[in-house]
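The C-terminal position of the sequence shown is numbered 759 in the UniProt record's numbering, with every residue numbered one higher than the one before it.
Just so it is clear, CB atoms sit at the ideal spot from N, CA and C, and this is done for glycine as well.
Only one structure is covered here, and it is reproduced in the block below.
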Amino acid sequence: QQKRYVGLRDMPATSDDGKTVSLVMNAGLMADLPSLESSGAEGVGLFRTELQFLIRTNVPKREELAALYSRVMDAAGGKRVVFRTLDIGSDKVLPYMKPQDEPNPALGWRAIRVGLDRPGVMRMQLQALIRAAAGRNLSVMFPFIAQFDEFSEARALFYSQLEREEKLGHVMPKTVEVGAMLETPSLAFAPRQFFEEADFISIGGNDLKQFFFAADRENERVRRRYDTLNTSFLNLVDMIVQRCGEAETPLSFCGEDAGRPVEAVCFAALGMRTLSMRPASVGPVKHLIRRTDLGELREVMDTARRSGLQSVREPVMQYLFRRED
Ligand code: PEP
Ligand code: MG
435 QQKRYVGLRD
445 MPATSDDGKT
455 VSLVMNAGLM
465 ADLPSLESSG
475 AEGVGLFRTE
485 LQFLIRTNVP
495 KREELAALYS
505 RVMDAAGGKR
515 VVFRTLDIGS
525 DKVLPYMKPQ
535 DEPNPALGWR
545 AIRVGLDRPG
555 VMRMQLQALI
565 RAAAGRNLSV
575 MFPFIAQFDE
585 FSEARALFYS
595 QLEREEKLGH
605 VMPKTVEVGA
615 MLETPSLAFA
625 PRQFFEEADF
635 ISIGGNDLKQ
645 FFFAADRENE
655 RVRRRYDTLN
665 TSFLNLVDMI
675 VQRCGEAETP
685 LSFCGEDAGR
695 PVEAVCFAAL
705 GMRTLSMRPA
715 SVGPVKHLIR
725 RTDLGELREV
735 MDTARRSGLQ
745 SVREPVMQYL
755 FRRED
């Protein structure tokens, strides 16, 4: 299966009408890094740092984390790696964290909410990232931001750690960028200033979809009920693309849907220029992007949206099949 795409590894994901999409990968452990080379991904668009915490029985120490992050950056060999700060709670429970008795953990005390309320671990993690970067580019992304002030607070925490590390005499990163994950619908409607303040934004489609349709991503009975190509969801994605465009803020999509070729070309047709996916998806997504005229696909999608269809999937599939002939 993967062999089919080997020849594409070093080719760009440029569509038939000349639009280039950057395909990057999701990772979480050192063991994922070799896939960067084999898949042809241009970088790591989402490094889920909580995986390292989940596989242990105690909280890792700052120096251990710094060493790990440094090895990740070494292995990436200069390609961009976006480190997402700890995203715990809900489906990701740390063995050494007191279980929270919450009626709705997905809506509960998780991710950035824990990070801001109990900043000790997040501070330590940010220090480790800053030390690991030493002279290199550092990209940090905060998960589960629901409103502008959560992002400002997290960003300020990052910059205060940067100042601290500098005072302590550590080598500063060459560049820093601080981004937000957009995975709650509320953030899509945040003030313009949020879109300007974020250095980049990444749509966490898994959570964004769960909250948009009020359908638990863990619940087999409902999780596939709503199509990602549902026109309401595409209207939301479209709006996010527009708002990021107006603020000139780079946007990516890093949920599982970015790795599904049909969904991926539809996002690209809406103007998304970076997609982050599991490494095995890079080949198939690139293959389809290269065969697709994104401008034409956009017209097919717009016509379907105007006609009142619930999902654009049918007409999109017909269009894609027609082109295969
Ligand atoms: C997401 O929510 O889409 C995402 C990428 O993060 P996670 O799946 O780790 O929640
Ligand atoms: Mg998420």
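Worksheet entry | Ser594 and Gly613 closer than 8 Å at C-beta | Against a cut-off of 8 Å, the Cβ pair of Gly613 and Ser594 comes out as no contact.
Fill in: Cβ-Cβ distance between Leu722 and Pro695 below 8 Å
At the C-beta level, Leu722 and Pro695 come within 8 Å of one another.
Item to complete: Tell me whether the beta-carbon of Gly554 lies closer than 8 Å to the beta-carbon of Lys608.
Response: Against a cut-off of 8 Å, the Cβ pair of Lys608 and Gly554 comes out as no contact.
Worksheet item: Considering Gly554, what are the terminal residues of the alpha helix (DSSP H) in which it resides?
Response: Here the alpha helix (DSSP H) through Gly554 covers 554-567.
Practice prompt. Identify whether Met615 lies in helix, strand or coil by the three-state DSSP scheme.
Written response: Strand.
Item to complete: Could you give the DSSP three-state label for Gly526: helix, strand or coil?
Response: The residue you asked about is not Gly; residue 526 is Lys in the sequence shown. Collapsing the DSSP output to three states places Lys526 in a strand.
Worksheet entry | Whether Thr662 touches Ser686 by CB criterion (8 Å) | In terms of Cβ geometry, Thr662 and Ser686 do not form a close pair [threshold 8 Å].
Discussion item. With H, G and I counted as helix, E and B as strand and the rest as coil, what does DSSP make of Ala500?
Written reply: In the structure shown, Ala500 sits in a helix (DSSP, three-state: H, G or I).
Worksheet item: For the beta strand (DSSP E) that contains Asn664, what are its first and last residues?
Response: Per DSSP, Asn664 belongs to no beta strand (DSSP E) and is neither H nor E.
Worksheet item: Assuming Thr618 contacts Phe645 under a Cβ cut-off of 8 Å, what Cβ separation, rounded to an integer in Å, is found between them?
Response: Yes, they are in contact, since the Cβ atoms of Thr618 and Phe645 sit about 6 Å apart, within 8 Å.
Item to complete: Go through the residues and name those whose CB comes closer than 5 Å to any heavy atom of ligand 2, in chain order.
Response: Qualifying residues, in the order they occur: Glu617, Gly638, Asp641.
Practice prompt. Please classify Val605: is it buried, with 16 or more other beta-carbons within 10 angstroms of its beta-carbon, or exposed?
Written response: Counting every other CB atom within 10 Å of its CB across the protein chains shown gives Val605 a total below 16, marking it as exposed.
Item to complete: State the Cα-Cα distance for the pair Arg589 and Met556, rounded to the nearest angstrom.
Response: Near 12 Å, if we compare the C-alpha coordinates of Met556 and Arg589.
Practice prompt. Taking Gly462 and Arg482 to be in contact with their CB atoms under 8 Å, please state how far apart those CB atoms are, rounded to whole angstroms.
Written response: Contact between Gly462 and Arg482 holds, with the beta-carbon distance rounding to 4 Å and staying under 8 Å.
Worksheet item: Does the count of Cβ pairs from the stretch 489-504 and the stretch 729-747 closer than 8 Å reach three?
Response: Counting C-beta pairs with one atom in each stretch, the stretch 489-504 and the stretch 729-747 have fewer than three that are closer than 8 Å, which means they do not touch.
Worksheet item: Under the criterion of a Cβ to heavy atom distance below 7 Å, does Leu480 qualify as lining ligand 1?
Response: Indeed, a heavy atom of ligand 1 lies less than 7 Å from the Cβ.
Worksheet item: Within 10 angstroms of its Cβ, does Ser620 collect 16 or more other Cβ (buried), or is it exposed?
Response: Residue environment for Ser620: exposed (fewer than 16 other C-beta atoms within 10 angstroms of its C-beta).
Discussion item. Quick check on Val527: buried or exposed, where buried means 16 or more other Cβ atoms within 10 Å of its Cβ?
Written reply: It is exposed - the Cβ of Val527 has fewer than 16 other Cβ atoms within 10 Å.
Item to complete: Could you tell me the distance, in whole angstroms, from the CA atom of Phe487 to the CA atom of Arg659?
Response: If you take the alpha carbons of Phe487 and Arg659, they lie about 32 Å apart.
Item to complete: Report back the beta-carbon spacing between Thr683 and Phe629 to the nearest angstrom; my notes put them in contact at under 8 Å.
Response: Yes, Thr683 and Phe629 are in contact; Cβ-Cβ is about 5 Å, under 8 Å.
Discussion item. Quick check on the DSSP output: the alpha helix (DSSP H) that includes Thr737 runs from which residue to which?
Written reply: Looking at the DSSP string, the run of the alpha helix (DSSP H) that includes Thr737 is 728-740.
Practice prompt. State the CB to CB distance for the pair Gly523 and Gly542, rounded to an integer number of angstroms; the pair is presumed to be in contact (CB under 8 Å).
Written response: Contact flag correct, Cβ pair sits at about 6 Å.
Worksheet item: Apart from the five residues on each side of it in sequence, which residues of its chain come closer than 7 Å, Cβ to Cβ, to Ile546?
Response: Phe576, Pro577, Phe578, Ile579, Glu584, Ala588, listed in sequence order.
Worksheet item: How long is the line joining the alpha carbons of Val516 and Phe592, rounded to whole angstroms?
Response: Their Cα atoms are separated by approximately 14 Å.
Discussion item. In whole angstroms, give me the CA-to-CA distance for Asp535 and Glu497.
Written reply: Approximately 32 Å, taken between the alpha carbons.
Practice prompt. Could you tell me which residues DSSP pairs with Arg651 in its beta bridges?
Written response: Residue pairing by DSSP places Arg651 in no beta bridge whatsoever.
Worksheet item: Secondary structure at Val675, three-state DSSP: helix, strand or coil?
Response: Val675 carries a helical assignment under DSSP once its states are collapsed to helix, strand and coil.
Worksheet item: Ends of the beta strand (DSSP E) at Val574?
Response: Element bounds for Val574: 571-576.
Fill in: Beta-carbon proximity check, Asn460 vs Arg514, cutoff 8 Å
At least 8 Å separates the beta-carbon of Asn460 from that of Arg514.
Discussion item. Nearest by alpha-carbon distance to Met531: which of Arg552, Ser456, Thr519 is it?
Written reply: Taking only the C-alpha atoms, the option nearest Met531 is Arg552.
Discussion item. Which of the three DSSP states is assigned to Ala461 in this structure?
Written reply: Ala461: strand per DSSP, three-state reduction.
Discussion item. Using only the alpha-carbon positions, how far apart do Asp727 and Leu670 sit?
Written reply: When the Cα atoms are used, Asp727 and Leu670 turn out to be separated by approximately 23 Å.
Practice prompt. Answer yes or no: do Ser715 and Gly689 have a C-beta to C-beta separation smaller than 8 Å?
Written response: No, Cβ-Cβ distance for Ser715 and Gly689 is not below 8 Å.
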